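In the numbering used here, the protein residues as written are 1409 to 1636.
Working notes, structure below.
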C-alpha cells in the first residue's frame, strides 16, 4: 500500500497562491497587500491570509510594516548586489559539486531545459520562459548531492524568481538571458569546470549591473523610467 497523500491545508493553498502571484509579477514589487481584499478575492477568512503573509515575510517576499500593513518586497541596488553575491556563492558551490558528482545527469537536464527555453522564447511565452529559467538554476541543487545547499536556496528561491520576473520587463534582458543559457549549455560538451563557473558568474553579474549603486528602490526607479 502506498503512502497516504495528505490534502493541503487551506493556509498552504493560500500561501502557494500568493507566492505564485508575487513571483509571476501579478502583484508588483512594492505594492500593498490588503488582508481584507485578499480574503475577499480568495473567499477565505483573514486568518489563512495573515498566516501566509507571515510565512512570505520569512521568505523575503513580503515586508510587514507595523500599523501600516503588508507590501510586496522591493529592493535597493545594494540589496540586488547582495542577492547576486549570495547566488554566486551558493549556485557556484552547488554547480561545482554537481559537475563532480553527476555531470551527465546535470548536462541532460540542462540540455532539455534550454531546449524548452528556446521554444518558449520563440513563442513569446515569457511566463513559461521564466519558470524554465528558475528550473534551470534549481537543477544545480538537484544534482549536487547536498541537502543543506538545496534547503538554503529553497528559502530564497521565490525572491530570486520574483526579481527575475521584474528584470524581464527590461529591454533585451530575456534575449540576453537566453543567449547566456545557450552558451552555458554548450560548455557542457567539453568545457572545463572553471569555464562553466565563469559563464555562471557573468550571467548573475549582469543582474547586479542592471542598477546603479545610488538607486534606493528598483521598482520605483523602473516605473519612473517606463513613464518617462
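Quick reminder that beta carbons are idealized off the backbone N, C-alpha and C, glycines included.
Model, not experiment: these values are computed from the prediction.
Query	Result
Same chain, Cβ closer than 8 Å to residue 1420, neighbours up to 5 away in sequence not counted	none
Within 9 Å, strictly: CB atoms of residue 1571 and residue 1503	no
Backbone CA spacing between residue 1577 and residue 1592 [nearest angstrom]	23 Å
Within 9 Å, strictly: CB atoms of residue 1479 and residue 1471	yes
Identified DSSP bridge partners for residue 1440	1479
Span of the alpha helix (DSSP H) around residue 1597	Element bounds for residue 1597: n/a, residue is neither H nor E.
Boundaries of the beta strand (DSSP E) in which residue 1473 is found, first to last residue	1470-1473
C-alpha gap between residue 1497 and residue 1486, whole angstroms	17 Å
Residue 1417 in three-state terms, based on DSSP	coil
Other residues of its chain near residue 1626: CB distance less than 6 Å, five sequence neighbours each side excluded	1483, 1619
Distance, residue 1548 Cα to residue 1510 Cα	10 Å
Rounded straight-line distance, which links the Cα of residue 1517 to that of residue 1412	Note on residue 1412: pLDDT 49, under 50, position unreliable in the model; the coordinate value appears next. C-alpha separation (whole angstroms): 30 Å.
Three-state secondary structure assigned by DSSP to residue 1525	helix
Reduced DSSP category for residue 1433 - H, G, I as helix; E, B as strand; rest coil	coil
For residue 1623, the three-state DSSP class (helix, strand or coil)	coil
Within 9 Å, strictly: CB atoms of residue 1433 and residue 1573	yes
Where residue 1456 falls, given that 16 or more other Cβ within 10 Å makes a residue buried	buried
CA nearest to the CA of residue 1439, picked from 1417, 1424, 1451, 1476	1476
Classification of residue 1567 by the beta-carbon crowding that lies within 10 angstroms, buried from 16 upward	buried
Residue 1563 versus 1575, 1546, 1541, residue with shortest Cα-Cα distance	1546
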